[in-house]
Amino acid sequence: MAKKKKTPLERVITALAATGAVCHFSGNLFIKKTLSKEAIRDLIAKGGLMPNEESACFYESDEAKAGIEFYRKHIYKDVFTFNKYSECLHAIFYENEGSDVYAISCHGFTGDPSQNSIYTKHFYEMGSNVLLPYLRGHGKSEHSHCTMGWMDRLDIIDWISFIINKNPKAKIILHGASMGAATVMNATGENLPENVKCCIEDCGFTSLWDQYTAQIGAATKIPAKVILSLVNPAFKVKLGFDIRDASPLNQVKKSKTPTLFIHGDKDTVVPFSMNYPLYAAAGCEKERLVVEGATHCAAGYLFPEIYWDKITEFTNKYL
């Protein structure tokens, strides 16, 4: 008996089913290997994503050593709050008694609050209380996956509410480095209370799609668009968002929060070329600091006077 030929519709359905299976497998593998808590722990154990020659300043510089000493000597509190889905969010908190100023400082990918110790030290010495959230998929976070600062933007809003409930007179500074910078920029695109006075982003990316495109382009000859199109459906299902929507660039267009855009001109992890489009697109009051000779997130470690003189000047305008 002759085999019945498939109709055009049946052929399309078969092709779509095959494509769907590939997308499902590819996307889930991508998420498991890069954004799951287990994958992040493995990356940390292997030394992270930074080249050794670039990451040395995070441990060996005078600033790094001073930050570590501050972290070890000063008492902090483990604090938590709940979001509207009854998910528990965790952070550490350094209380500067009598101050109405609060800095929320967000760590980068594979980081944790302790790795923001140099920023904590300076903000604390400037008179701020300092709150350092565990971003999703990292450390004490109860979320199983990292969302690269996108869903985290909503958690930052919950932390802002936590601070205002504690002190209605609070004047809040948002700060973040790398993925943490993307997080705070994403937050500024939302409707924030007047208590949020300004934002400092250090080495943030324009969008998750752009950042993955840069990383994939450096790692493989397969066009990034092909890979991201394959994995994007899994992002929607497993992580709850479309990669293309995770865009600090689009968020800062809506921002009313005065923002300082910082980037090292030798950054290749989050390409320096991403800094100006972010600055140009921002709809808020804004300033820009390009730190010559600084690699990814290294400005505060290698050139602390330049870094903190500018931050102090900027924040004093709004506090």
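Following the working numbering, the numbering of the sequence shown begins with 61 at its first residue and continues without gaps.
Glycine is no exception: its CB is placed at the ideal position from the N, C-alpha and C atoms.
From a predicted model like this one, the values you see are computed outputs, not experimental measurements.
How close, in whole Å, do the beta carbons of tryptophan 210 and asparagine 246 come, if the pair is a contact with beta carbons under 8 angstroms?
Contact annotation, tryptophan 210 with asparagine 246: C-beta distance approximately 6 angstroms; criterion of less than 8 angstroms satisfied.
*7 angstroms CB neighbourhood of lysine 200 in its chain, flanking five on each side removed*: Excluding residues within five positions, the ones whose Cβ falls inside 7 angstroms are His150, Tyr194.
With DSSP collapsed to three states, give me the class of alanine 105.
In this structure, alanine 105 counts as helix in the three-state DSSP scheme.
Please determine, among Ala359, Asn255, Ala242, Ser115, the residue with the shortest C-alpha to C-alpha distance to lysine 226.
Of the candidates Ala359, Asn255, Ala242, Ser115, Asn255 places its Cα closest to the Cα of lysine 226.
*asked:* Spatial neighbours of glutamate 155 within its chain, please: C-beta separation below 6 angstroms, excluding the five flanking residues on both sides.
replied: Hits under 6 angstroms: Asn189.
### Query
Candidates Tyr131, Lys137, Thr170: which alpha carbon is nearest isoleucine 104's?
Shortest Cα-Cα distance from isoleucine 104 to any of Tyr131, Lys137, Thr170 involves Thr170.
Exercise for review: Indicate whether the contact test is met: 3 or more Cβ pairs, each with one atom in the segment 288 to 305 and one in the segment 317 to 332, closer than 8 angstroms.
Suggested key: Below 8 angstroms, too few C-beta pairs join the segment 288 to 305 and the segment 317 to 332 to call them touching: fewer than three.
* Quick one: is aspartate 262 buried, meaning 16 or more other Cβ sit within 10 Å of its Cβ, or exposed? -> Result: buried.
Backbone CA spacing between lysine 314 and lysine 281 [nearest angstrom] | About 35 angstroms.
TODO: Grab me the residues of phenylalanine 130's own chain with a C-beta within less than 7 angstroms of its C-beta, minus the 5 sequence neighbours each way, in chain order.
DONE: Excluding sequence positions up to five before and after phenylalanine 130, its CB lies within less than 7 angstroms of the CB of Ser177, Thr180, Lys181, all in the same chain and listed in chain order.
- Message: Restricting to runs no shorter than 3 residues, where is the beta strand (DSSP E) found entirely within the segment 92 to 167?
- Response: As far as the segment 92 to 167 is concerned, its whole beta strand (DSSP E) runs of at least 3 residues are 137 to 142, 148 to 154, 161 to 166.
Can you tell me whether isoleucine 220 is buried or exposed? The criterion is at least 16 other CB atoms within 10 Å of its CB, across all chains shown. Answer is buried; the Cβ neighbour count reaches 16.
- Could you please give me the residues that DSSP links to histidine 235 through a beta bridge? Beta-bridge pairing links histidine 235 to Ser165, Ile260.
Using CA atoms only, rank isn't needed, just tell me which of Ala241, Thr375, Phe363 is closest to valine 330.
Minimum Cα-Cα distance from valine 330 among the listed residues Ala241, Thr375, Phe363 corresponds to Ala241.
Report task. Using three-state DSSP, classify valine 347 as helix, strand or coil. Result -> Rather than valine, the amino acid found at residue 347 in this sequence is glutamate. For glutamate 347, the secondary structure class from DSSP, reduced to helix, strand or coil, is strand.
With a Cβ-Cβ cutoff of 8 angstroms, do valine 312 and glycine 249 count as a contact? A contact, by the Cβ cut-off of 8 angstroms.
| said: Given a cut-off of 8 angstroms on the beta-carbon distance, is the pair glutamate 147 and glycine 360 in contact? | reply: In this structure, glutamate 147 sits away from glycine 360, with a CB-CB distance that is not shorter than 8 angstroms.
Next on the checklist: To the nearest angstrom, how far is the alpha carbon of leucine 192 from that of isoleucine 216?
Outcome noted: Between leucine 192 and isoleucine 216, the C-alpha separation is close to 10 angstroms.
Margin query: In whole angstroms, give me the CA-to-CA distance for alanine 354 and phenylalanine 363.
Written below: When rounded, the distance between both Cα atoms is 8 angstroms.
*For threonine 266, name the three-state secondary structure that DSSP assigns.*
Judged by DSSP in its simplified three-state form, threonine 266 adopts coil rather than helix or strand.
Going residue by residue through the segment 328 to 377, where are the continuous beta strand (DSSP E) segments of at least 3 residues, counting only ones entirely within it? Fully enclosed beta strand (DSSP E) runs of 3 or longer: 346 to 351.
Leaving out five residues on either side along the sequence, give the residues of the same chain with a beta carbon under 6 angstroms from the beta carbon of proline 318.
-> Taking C-beta separations shorter than 6 angstroms and ignoring five residues to either side along the sequence, the partners of proline 318 in its chain run Cys258, Cys344, Glu345, Tyr378, following chain order.
I need the boundaries of the beta strand (DSSP E) containing histidine 323, first residue and last residue. If you look at histidine 323, you'll find it in the beta strand (DSSP E) that goes 319 to 324.
With the cut-off set at 8 angstroms, would you say serine 159 and leucine 290 are in Cβ contact?
No, they are not a contact pair.
- request: Using the Cα positions of aspartate 302 and leucine 338, report the straight-line distance between them to the nearest angstrom.
  value: In this structure, the straight-line span from the alpha carbon of aspartate 302 to that of leucine 338 is close to 20 angstroms.
Taking Cβ to Cβ, would you say phenylalanine 321 is nearer than 8 angstroms to arginine 348? Cβ atoms of phenylalanine 321 and arginine 348: closer than 8 angstroms.
**Report entry** Which of helix, strand or coil DSSP assigns to proline 308
**Finding:** Reduced to three states, the DSSP call for proline 308 is helix.
Review point. Since phenylalanine 190 sits in a beta bridge, which residues does DSSP pair it with?
Key: Note on residue identity: the sequence assigns valine, not phenylalanine, to residue 190. Valine 190 pairs with Tyr154, Ala163.
* Asked: Who are histidine 205's beta bridge partners in DSSP?
  -> Ser96.
Worksheet item: Between which two residues does the alpha helix (DSSP H) carrying asparagine 227 extend?
Response: Asparagine 227 -> no alpha helix (DSSP H), and no H or E assigned at all.
What three-state label does DSSP hand histidine 198 in the structure shown?
Coil, per DSSP.
Original post:
Would DSSP call serine 315 helix, strand or coil?
Top reply: Coil, per DSSP.
Can we say the segment 232 to 239 touches the segment 161 to 169, given the rule of at least three CB pairs closer than 8 angstroms?
By the Cβ rule, the segment 232 to 239 counts as touching the segment 161 to 169, because three or more pairs are nearer than 8 angstroms.
Checklist line | Reduced DSSP secondary structure (H/G/I, E/B, other) of tryptophan 210 | finding: When DSSP states are grouped into helix, strand and coil, tryptophan 210 belongs to the coil group.
* Starting from serine 177, trace the alpha helix (DSSP H) both ways and give me its first and last residue. => Element bounds for serine 177: 177 to 185.
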